[in-house]
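Read through the structure below, which is laid out as structure tokens, and then see the notes.
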Amino acid sequence: MALVIENNLNNKAGNAIIKFFNKHSDLSQLSPLPKNIETGRKFMDKMNISQLSYSKYCVLTHNSQDYFVHYRPIKNCIKNLLSNPDILKNLMFRYENLKIEDEKSYGEQNSGNWWKRAERSISNHANILSIILYSDATTTNTLGKSSLHPIYVSLGNIPTWRRNKEDAKQLLGYLPILSAKNEKEKKSSEFKELACETFHNSIKFLLDPLFQGDGVDFNIYDKDIWFFPRISTIICDWPEACTFSLTYKSANSNYPCHFCLVQREDLIDIRKEVILRNHVNMKEYFDSNTSNLAGLEQVNNYFWSIPNLNIYAATVPDRMHHLDLGLFKYQIEFTMELLKKKKSLNKVNERIANIPRHSQLKVFKKGIQLSRLTASEYRDMMKIMVFVVDDLQIEDLSEVYVKWNEMYLLSRSEKFKESDLENFQKAINDWGDLFIKLFQNISNSHLKFPKLHSWIYHIVDTIWEYGAINGYTTETYESLHKTYVKIPYRLSNKKEVEKQIMENIRR
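Residue 105 is where the sequence shown starts when you use my numbering, and the numbers rise one by one after that.
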């Protein structure tokens, strides 16, 4: 059965292996293998392994349909992580006042200001257990006709280099995805609010066990260690961040940033003072039934009740979606528009096609085809575009790519001194100024992009709070969809999919 499970073989392939083994093995007694794969799977499902158990909970009945959270108890997920010897030997327990060359510095999450404040709020004899959540709805197949909404958990106590490995993350469960009975209901404000409420009720059900009582004990090296679980960061793309923070998702709303109360008209003013969102000022809007004045859904936010958490800051900017698949993609698109006007686009595509092959560089022989590029391919584009657009008689065009690369390389630093953060913010502003100068009149929205504002205004604050950016990117989480959605979905019979997937993962 190990061969079948580890290699994600279907029943037909597994039965063929059993038949081959029984036919060619020279055994005088009965075969040690099950009669067939179906029998073997049923036997494994009956095994009582509490930390691998899964359940489902009905969170809503709507239009005569029950909606379930399929889940593994979060304490069991954490126990699984803490039972890994390689994770344990690298675990971080206390705040580190990191200094480099006598400067306050930020690297791992436990060097950030959030950890420092959280640790001060609990007993000196206890430790912070930093909970990291990653959530992202994804399609189950290439047709995109069905979706699942997995949510994963990891620990900020695990160093970034170790946390980036797949076994340092646990599938917590699958959140329900509501279906409207028709297009009219789907577009209604009532259905939108119901979807928000269902999401937050589901999260509450999953996370509440962590916050009941005076902390929680976990056994580490045969010793009970007292922890206070605290949610540190939530890693997700922009729409998902808006779902967690319950801010409006539309980039055209009056207050489109889930970090602050910047107005849409001021999104490209990169020097303007802004008011940050927090639980206090957002709850005032909610309590007075004026949430719309802050671009906020009129729905109670579960995270307002969680200690040591500002949900509007904890939904951290994700470099892959903000930069690789976001601002750099826009920069390429606007560059192409600019080149079309100058009738230089063919020259650029010729230059790209003529770049010689290199083992660590993707070759774009057909020129730029944006609809097909992945995040990794956009990163390859970053390496070549500064040369591709050089000497095309467009002022500052190559310079904006030089400044982009300077900013991007700094963003990947593993540690930041305070002076490094000053240089990083300057690099961001220098690129932002040139980006706006070059492309504002090409963009239909005049660059009123929430991601542009968010990156310029909030990324350095996020480093102060939670450490280096490498600790909260989706790059290493996206691959989890293959393990926990794509492959197990393909092995299922497409009925009660979540149940079958949970059973398959448990094995």
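C-beta: ideal position from N, C-alpha, C; glycine also.
Practice item. Measure from the alpha carbon of residue 295 to the alpha carbon of each residue in 306, 317, 308 and 281, then state which is nearest. Key: 281
Practice item. Kindly indicate which three-state DSSP category residue 253 falls into: helix, strand or coil? Key: strand
**Study point:** Where the alpha helix (DSSP H) containing residue 460 begins and where it ends
**Key:** Note, residue 460: premise wrong, no alpha helix (DSSP H); not H, not E.
Check your understanding: Counting along the chain, where does the alpha helix (DSSP H) carrying residue 492 start and finish?
Key -> 479-492
**Study point:** Reduced DSSP secondary structure (H/G/I, E/B, other) of residue 225
**Key:** coil
Point to revise | Sequence-distant residues of the same chain with beta carbon closer than 7 Å to residue 421, five excluded per side | key: 558, 559, 562, 563 and 566
Check your understanding: Would DSSP call residue 606 helix, strand or coil?
Key -> Of the three classes helix, strand and coil, the one that applies to residue 606 here is helix, per DSSP.
**Study point:** Bridge-paired residues (DSSP) for residue 323
**Key:** 328
Review point. Where does residue 600 fall in DSSP's three states?
Key: If DSSP states are grouped into helix, strand and coil, residue 600 belongs with coil.
**Study point:** residue 399 at chain B interface by Cβ criterion, 9 Å
**Key:** No chain B is present in this structure, which holds just one protein chain.
Point to revise | Which of helix, strand or coil DSSP assigns to residue 554 | key: helix
Exercise for review: Specify the secondary structure class of residue 287 as computed by DSSP and reduced to three states.
Suggested key: Secondary structure at residue 287: helix, using DSSP grouped into helix, strand and coil.
Check your understanding: So what does residue 351 bridge to, in DSSP terms?
Key -> 400
Practice item. Below 6 Å CB to CB, which residues in the same chain sit around residue 260 once its five sequence neighbours on both sides are set aside? Key: Around residue 260: 213, 234, 236 and 336.
Point to revise | Reduced DSSP secondary structure (H/G/I, E/B, other) of residue 181 | key: Residue 181 carries a helical assignment under DSSP once its states are collapsed to helix, strand and coil.
Check your understanding: So, helix, strand or coil for residue 413, using DSSP?
Key -> coil
Practice item. Reducing DSSP to helix, strand and coil, say where residue 94 ends up. Key: There is no way to answer for residue 94, as the model of the chain reaches only from 105 to 611.
**Study point:** Same chain, Cβ closer than 6 Å to residue 241, neighbours up to 5 away in sequence not counted
**Key:** Shown here for residue 241: same chain residues with a beta carbon closer than 6 Å to its own, the five before and five after excluded, namely 251 and 253 in chain order.
Check your understanding: So, are the CB atoms of residue 428 and residue 482 less than 9 Å apart?
Key -> yes
Review point. Count the other CB atoms within 10 Å of the CB of residue 397; is the residue buried (16 or more) or exposed (fewer)?
Key: Per the 10 Å Cβ criterion, exposed.
Practice item. Would you list, in sequence order, the uninterrupted alpha helix (DSSP H) runs of no fewer than 4 residues that lie entirely inside the region 192-240? Key: 217-224
**Study point:** Helix, strand or coil at residue 560 according to DSSP, with G and I counted as helix
**Key:** The three-state secondary structure of residue 560, taken from DSSP, is helix.
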